[in-house]
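One structure below.
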Amino acid sequence: MNQVDVVTHHHADVSAGVRAMAPMLVAYAPFGLLVGGAVAASESPRAAWLSTWTIYGGAAHLAVLDVLQRDTGVLGAALVGLLINARMIAYSVSLAPHWRDASAGSRVAAAAMLTDATWALARNRDTADPRARRRFYFGAGLTLWFGWPLLVSLGVLVGGWLDGVPVATLLPSLTLGSLVVPQLRSRPGLAAGVAATAVAVATVSLDGGAAMVAAAAAGVTAAGLVHRRTS
Amino acid sequence: MTTVVALLLVGVGSVAYRLLPLLGAARVPEAVSTAAGWAGISVLTAVTVRGVLSHEDDSIPWAVPVALVSVGLGLAMAVRGRPPLVVLGVGAACYLVLAATAGALG
């Protein structure tokens, strides 16, 4: 393969990532605007806006701002946000094998871009070459890393005009669902999905963070049992 | 001040969640990484299900069943290998049609 072919291949992986993430941005738009509305209404809009890059998860961001509005204090709000974002540990740990031989700088950049959609797209990417997978990840990750704060910023400006459009709140579920479906094709994956669904139904009235932890525990247990039985 | 401190704590914690496992990638055993993948699938599934079950729409009766059917039909497209935009389009269109019907009946 000559140098031109190598560069073309690199570009193809990155643009595949961009193309995969672009529809996600459309789907995330209502959610981003919703988060932006909460940022604008918060006690400290500038700090809330800057947190878009560090929290980098709409659900946790929204929950922290919501809890703070109800005067529950620093620790209560922080705990809620940290519990909801605890899923990032699972995402990061599961991606680790693909990043073992990457530079420390690349791993830091990958960590900064890690969230639900980037993780799921990277897992669904069918390629044996870890470098190609990482280029795809960066294409997808950078698209969201620039796109998500843009949506939140737009939400800060236009506020809560989406409040009267109930279908908009269903779009994140459809998006995340479409990402998780390909991962349910393996038996352990399906077992994890079924167990998590049961826990989600049973815990729908509970706090989101605790429910996520319970769903993860049930899913891992069910998938582990199926994996042991089938291997 | 309370807001800034809380956001800072969650921000720093979230960055650590993402960063530490990737920085120590060489030391993460394969089995742990596989289990973490299952945990990720479980959480995404639970987020999807909770999003549907806690759906609110004051303008129609049976908002949750309408959301359930719509998301179910959308995800049926995903099962058939359709891209996310098709999933979104089918799910959203189905919701609008069912909501209009439910509104007319209710």
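Those protein sequences? They're chains A and B, same order as listed. Just so you know, we're using the UniProt record's numbering here: the first sequence kicks off at 1 and counts up by one. Just so you know, we're using the UniProt record's numbering here: the second sequence kicks off at 1 and counts up by one. Heads up, the beta-carbon is just placed ideally off N, CA and C, and yes, glycines get one too.
Exposure label - F138 of chain A; buried when at least 16 CB within 10 Å
Mapped onto the first sequence, residue 138 of chain A falls at position 138. By the 16-neighbour rule on beta-carbons within 10 angstroms, F138 of chain A is buried.
Hey, is the segment 139-156 of chain A in contact with the segment 89-96 of chain A, meaning 3+ C-beta pairs nearer than 8 Å?
Too few Cβ pairs lie closer than 8 Å, so no.
So M88 of chain A and L121 of chain A are in contact, right, with Cβ under 8 Å, and what is the actual spacing, rounded?
Position 88 of the first sequence, counted from the start, is the residue given in the question as residue 88 of chain A. Position 121 of the first sequence, counted from the start, is the residue given in the question as residue 121 of chain A. Contact doesn't hold; Cβ gap of about 15 Å is too wide.
Could you give the residue range of the alpha helix (DSSP H) that holds S153 of chain A?
The count along the first sequence starts at 1 and reaches residue 153 of chain A at position 153. S153 of chain A -> alpha helix (DSSP H) spans 130-158.
On a CA-only basis, which of A:A20, A:D126, A:R100, A:H11 is nearest L22 of chain B? Give me that one, please.
Residue 22 of chain B sits at position 22 when you count from the first residue of the second sequence. The shortest CA-to-CA distance from L22 of chain B to any of A:A20, A:D126, A:R100, A:H11 is the one to A:R100.
Within 8 Å, strictly: CB atoms of V5 of chain B and V204 of chain A
The residue labelled residue 5 of chain B in the question sits at position 5 within the second sequence. The residue labelled residue 204 of chain A in the question sits at position 204 within the first sequence. No.
Run through chain B and tell me which residues come within less than 7 Å of S116 of chain A, C-beta to C-beta.
Position 116 of the first sequence, counting from 1, holds the residue named residue 116 of chain A. Note on identity: in this sequence residue 116 of chain A is Asp, with Ser being the wrong assignment. Within 7 Å Cβ-Cβ: L44.
Starting from the N-terminal side, write out each stretch of the beta strand (DSSP E) that is 3 residues or longer and does not extend beyond the segment 16-50 of chain B.
Fully enclosed beta strand (DSSP E) runs of 3 or longer: not present.
Selected residue, minimal CA-CA separation from P188 of chain A, among B:G13, B:V15, B:S42:
Reading the first sequence from its first residue, position 188 is the one you call residue 188 of chain A. When B:G13, B:V15, B:S42 are compared, the shortest CA-CA separation from P188 of chain A is found for B:S42.
So with CB distances below 8 Å, who are the chain B contacts of N85 of chain A?
Against the first sequence, residue 85 of chain A aligns to sequence position 85. Listed by position along chain B, the residues whose Cβ is nearer than 8 Å to that of N85 of chain A are V10, G13, S14, Y17.
Work out the CA separation of M1 of chain B and A132 of chain A for me, nearest whole Å.
If you number the first sequence from 1, residue 132 of chain A lands on position 132. If you number the second sequence from 1, residue 1 of chain B lands on position 1. Rounded to the nearest angstrom, the two C-alpha atoms are 44 Å apart.
With DSSP run on the structure shown, which of helix, strand or coil describes H11 of chain A?
To locate residue 11 of chain A, count along the first sequence from 1; it is residue 11. Three-state DSSP puts H11 of chain A in a helix.
Whether A63 of chain A touches V80 of chain A by CB criterion (8 Å)
The residue labelled residue 63 of chain A in the question sits at position 63 within the first sequence. The residue labelled residue 80 of chain A in the question sits at position 80 within the first sequence. Yes; because the gap between Cβ atoms is below 8 Å, this pair is in contact.
When you compare each of B:T34, B:A16, B:V12, B:S14 to S186 of chain A by their alpha carbons, which one comes out closest?
Position 186 of the first sequence holds residue 186 of chain A. Each of B:T34, B:A16, B:V12, B:S14 was checked against the Cα of S186 of chain A, and the nearest Cα belongs to B:T34.
Rounded straight-line distance, which links the Cα of L34 of chain A to that of L170 of chain A:
Position 170 of the first sequence, counting from 1, holds the residue named residue 170 of chain A. Position 34 of the first sequence, counting from 1, holds the residue named residue 34 of chain A. Rounded to the nearest angstrom, the two C-alpha atoms are 12 Å apart.
Assess contact between the segment 91-99 of chain B and the segment 65-81 of chain B, defined as three or more Cβ pairs (one per stretch) separated by less than 8 Å. Is contact present?
The answer is yes - the segment 65-81 of chain B touches the segment 91-99 of chain B, with three or more Cβ pairs under 8 Å.
Run down chain B in chain order and give the residues with a C-beta less than 8 Å from the C-beta of V201 of chain A.
Your numbering for residue 201 of chain A matches position 201 in the first sequence. Taking a Cβ-Cβ threshold of 8 Å, the residues of chain B close to V201 of chain A are V49, L53, in chain order.
Quick check: is the beta carbon of G40 of chain B nearer than 8 Å to any beta carbon in chain A?
Locating residue 40 of chain B in the second sequence gives position 40, counting from the first residue. True, the Cβ-Cβ gap to chain A drops below 8 Å.
I need the straight-line Cα distance from V69 of chain B to L44 of chain B, nearest angstrom please.
As a working mapping, residue 69 of chain B is identified with position 69 in the second sequence. As a working mapping, residue 44 of chain B is identified with position 44 in the second sequence. Taking the straight line joining both Cα atoms gives about 19 Å.
Nearest by alpha-carbon distance to N124 of chain A: which of A:P182, A:L25, A:D13 is it?
The count along the first sequence starts at 1 and reaches residue 124 of chain A at position 124. Checking every option, the nearest Cα to that of N124 of chain A belongs to A:P182.
Return the first residue and the last residue of the alpha helix (DSSP H) that W49 of chain A is part of.
For the purposes of this step, residue 49 of chain A is taken as the residue at position 49 of the first sequence. Per DSSP, the unbroken alpha helix (DSSP H) holding W49 of chain A starts and ends at 45-55.
Beta-carbon proximity of V199 of chain A to A86 of chain A, cut-off 8 Å:
Position 199 of the first sequence, counting from 1, holds the residue named residue 199 of chain A. Position 86 of the first sequence, counting from 1, holds the residue named residue 86 of chain A. At the C-beta level, V199 of chain A and A86 of chain A stay beyond 8 Å of one another.
So, using beta-carbon positions, are P166 of chain A and P84 of chain B closer together than 8 Å?
Here residue 166 of chain A refers to the residue found at position 166 of the first sequence. Here residue 84 of chain B refers to the residue found at position 84 of the second sequence. Between P166 of chain A and P84 of chain B, the gap from beta carbon to beta carbon reaches 8 Å or more.
From A:T230, A:G147, A:A112, pick the residue whose C-alpha is nearest to that of T54 of chain A; which is it?
Taking the first sequence and counting its residues from 1, one reaches residue 54 of chain A at position 54. When each option's Cα is compared against that of T54 of chain A, the closest is A:A112.
Give the DSSP-derived three-state secondary structure of R187 of chain A in the structure shown.
As a position in the first sequence, residue 187 of chain A is number 187, starting the count at 1. DSSP places R187 of chain A in helix when its eight states are reduced to three.
Return yes when the Cβ of G219 of chain A is within less than 8 Å of the Cβ of A196 of chain A, no when it is not.
Taking the first residue of the first sequence as 1, we reach residue 196 of chain A at position 196. Taking the first residue of the first sequence as 1, we reach residue 219 of chain A at position 219. In this structure, G219 of chain A lies closer than 8 Å to A196 of chain A by Cβ.
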